[in-house]
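Counting along the sequence shown from 1, when you hit position 64 you're at 45 in this note's numbering, and nothing is skipped either side.
Below is one structure, written out as structure tokens; comments come after it.
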Amino acid sequence: VQLVESGGGLVQAGGSLGLSCAAAGSTENMYAMGWYRQAPGKQRELVAQVTSEGRIFIAEYLKGRFTISRDNAKNTVYLQMNSLEPEDTAVYYCYSRPRIGSTNWGPGTQVTVSS
């Protein structure tokens, strides 16, 4: 599975940004799709995930600001980020994983929130 993220960029604090991640290749077994992020000097952390059945997980501290959605027909997952804060600045990585097997990762897209 090849994953390609798009939608990153520079935004002012309080603004919004939407990310998308399109999958290509052997997509029939993509059970879960989602996003991690990694800020400079910090560990990669899970942002949100959605399964092929529509089960959604969003990190507790991001609820109310971030939403995740998925279009199974397009093999695409979306992350809508609102009320962005400078602390949201990070590289955002898309991933997909089957029920059993290895996780596939996208190359990452930079999100920078200026104060």
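Ideal placement from N, C-alpha and C gives every residue a C-beta, glycine not left out.
Does any residue of chain E bring its CB to less than 8 angstroms from the CB of Ser7?
Chain labels in this structure do not include chain E; a single protein chain is all it has.
Which partner residues of Tyr74 appear in the DSSP bridge assignment?
Tyr74 is bridged to Tyr17.
DSSP three-state label for Tyr12, please.
Tyr12 falls in the coil class under three-state DSSP.
Which residue comes first and which comes last in the beta strand (DSSP E) that contains Arg51?
Here the beta strand (DSSP E) through Arg51 covers 47 to 52.
Identify whether Leu65 lies in helix, strand or coil by the three-state DSSP scheme.
It is coil, neither helix nor strand.
So which of Gly(-5), Leu(-2), Met14 has the shortest CA-CA distance to Ala4?
Residue Met14 holds the alpha-carbon nearest to the alpha-carbon of Ala4 among Gly(-5), Leu(-2), Met14.
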